[in-house]
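Here the sequence shown stands for residues 21 to 383, where the numbers follow the numbering used here. For each residue, glycine too, the CB sits at the ideal point set by N, CA and C. Being a predicted model, the structure only gives us computed values, none of them experimental. To start, the structure itself, in structure tokens.
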Amino acid sequence: MRTVLIAGAFSLVVALFGTPLYIRWLVRRGYGQFVRDDGPTTHHTKRGTPTMGGVVIILAALLAYGAAHVFTGRAPTASGLLVLFLMSGLGIVGFLDDFLKISKQRSLGLTARAKLIGQGVVGIAFAVLALQFPSADRDGATPASTHISVLRDTPLDLAWFGAVGGTIAFVVWVLLITSAVSNGVNLTDGLDGLATGATTMVLAAYVLICTFQSNQSCYSLTEVESRCYEVRDPRDLAVVAAAVMGACFGFLWWNASPAKIFMGDTGSLALGGALAGLAILSRTQILLVVLGGLFVIITLSVILQVGGFKLTRKRIFRMAPLQHHFELAGWGEVTIVIRFWIIAGLFVSLGLGIFYAEWVTGA
21 MRTVLIAGAF
31 SLVVALFGTP
41 LYIRWLVRRG
51 YGQFVRDDGP
61 TTHHTKRGTP
71 TMGGVVIILA
81 ALLAYGAAHV
91 FTGRAPTASG
101 LLVLFLMSGL
111 GIVGFLDDFL
121 KISKQRSLGL
131 TARAKLIGQG
141 VVGIAFAVLA
151 LQFPSADRDG
161 ATPASTHISV
171 LRDTPLDLAW
181 FGAVGGTIAF
191 VVWVLLITSA
201 VSNGVNLTDG
211 LDGLATGATT
221 MVLAAYVLIC
231 TFQSNQSCYS
241 LTEVESRCYE
251 VRDPRDLAVV
261 AAAVMGACFG
271 FLWWNASPAK
281 IFMGDTGSLA
291 LGGALAGLAI
301 LSRTQILLVV
311 LGGLFVIITL
321 SVILQVGGFK
331 LTRKRIFRMA
341 PLQHHFELAG
351 WGEVTIVIRF
361 WIIAGLFVSL
371 GLGIFYAEWV
381 TGA
């Protein structure tokens with residue numbers, strides 16, 4: 021537990037005190053946010069606000085993870101490193117997108133195809149590596165399994181397609197998860213502090229879930245029970261979740277309204293990657309749909325808006341994603357953020373309740 025606490029505290033301090041230094045560095049170089057003219061008019065005042073703040077979140081999390089292991093003398097695990105790899109890799113894709121927007125002063129960075137290719141390369145590498153590195157002391161368990169998981173692995177095993185086919189199916193499944201989650205967080209990142217705060221809540225849930233899985237691990241209990249968790253490195257996944265959560269907390273101090281810095285695609289894609297990696301390796305893939313319910317709702321609002329317009333030539337919402345609909349309806353930005361945070365918190369509470377209830381009842 022010390023490693024988890026150190027990781028969270030260290031990343032919080034690094035992000036809290038490192039962000040203003042990074043802001044000054046960005047301002048000196050004129051790396052400010054470009055605001056679309058077709059967006060809410062209230063956002064025009066945000067033009068020029070430093071962006072690419074996700075760099076701070078990523079660096080703080082990486083430094084905290086390393087520091088926590090150094091201070092406690094624990095060795096990093098393949099699972100923890102893989103989640104950090106997925107987070108950093110998607111963060112690099114987002115950074116390239118942000119940098120092109122800033123350098124060209126236009127709302128378009130990477131093309132949709134280039135962004136998907138970048139996300140795909142990182143996701144494929146993660147998926148392939150997640151099925152490697154069998155543990156010598158945990159019955160050869162790999163960081164991920166080919167089973168579809170809800171609260172734990174289900175009998176639905178993609179290995180049914182054979183050795184090669186199962187691996188390909190797993191890679192496709194991972195790509196769907198990483199793409200959906202990272203783009204969901206990206207769509208939510210439209211108001212000061214909204215995505216940062218919502219993501220922090222989901223990360224806090226994963227600190228609790230992975231710590232509980234560690235305490236009820238099939239590999240550490242003296243008497244194995246049917247309700248134990250066959251997760252390879254749950255305690256180290258809790259360390260990663262705490263490190264990223266602390267970084268988000270520190271960054272939120274400066275990202276809250278009125279934001280002094282935006283996370284940009286650098287942060288939103290990276291945080292989506294962290295959540296996806298935690299869900300896949302903690303064997304809670306479908307549970308993430310509940311924990312990240314706010315991201316699901318906002319993503320659905322975009323799908324409904326685009327699909328509805330193509331079918332009927334009419335818009336369902338004043339503007340999508342959903343948070344901008346309420347802006348145009350006259351809600352204040354802070355009001356929207358707080359109310360959406362409440363929704364996010366309710367979904368996280370529901371997800372934790374479902375997770376614990378399954379263990380209690382053994383259902």
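Starting from residue i, trace the beta strand (DSSP E) both ways and give me its first and last residue.
i: Asp177; result: 173-177
i: Ser169; result: 167-169
Expressed to the nearest angstrom, what Euclidean distance is found between the alpha-carbon atoms of residue i and residue j?
i: Thr166; j: Phe190; result: 6 Å
i: Ala262; j: Ala294; result: 11 Å
i: Leu46; j: Arg247; result: 50 Å
i: Gly93; j: Phe115; result: 33 Å
i: Leu301; j: Glu347; result: 37 Å
i: Thr319; j: Ala377; result: 28 Å
i: Leu324; j: Val310; result: 19 Å
i: Val260; j: Arg333; result: 45 Å
i: Leu342; j: Ala183; result: 42 Å
i: Phe269; j: Gly217; result: 8 Å
i: Gln139; j: Thr219; result: 19 Å
i: Gly365; j: Val357; result: 12 Å
i: Val380; j: Arg359; result: 31 Å
i: Arg44; j: Val316; result: 35 Å
i: Ala161; j: Gly312; result: 28 Å
i: Leu223; j: Ile229; result: 10 Å
Going by DSSP, what residue range makes up the alpha helix (DSSP H) through residue i?
i: Ile358; result: 353-381
i: Ser123; result: 98-124
i: Ser31; result: 22-49
i: Arg255; result: 254-275
i: Thr448; result: This structure cannot settle anything about residue 448, because the visible part of the chain is limited to 21 through 383.
i: Leu311; result: 307-311
i: Asp285; result: 284-301
i: Ser202; result: 183-208
i: Gln139; result: 132-150
i: Phe346; result: 342-348
Would residue i be called buried (16 or more neighbouring beta carbons within 10 Å of its own) or exposed?
i: Gly185; result: exposed
i: Ser123; result: exposed
i: Gln152; result: exposed
i: Val141; result: exposed
i: Trp274; result: buried
In terms of DSSP beta bridges, what is residue i paired with?
i: Tyr249; result: Ser237
Output yes or no for whether 8 Å exceeds the beta carbon distance between residue i and residue j.
i: Thr71; j: Asp118; result: yes
i: Tyr239; j: Arg158; result: yes
i: Phe37; j: Leu102; result: no
i: Ser368; j: Met265; result: The question names Ser, but residue 368 in the sequence shown is Val. It is not a contact, given that the beta carbons lie outside the stated cut-off.
i: Met21; j: Ala290; result: no
i: Gly100; j: Leu257; result: yes
i: Asp253; j: Pro154; result: no
i: Thr97; j: Ala279; result: no
i: Ser288; j: Asp212; result: no
i: Ile374; j: Leu307; result: yes
i: Gly73; j: Phe329; result: no
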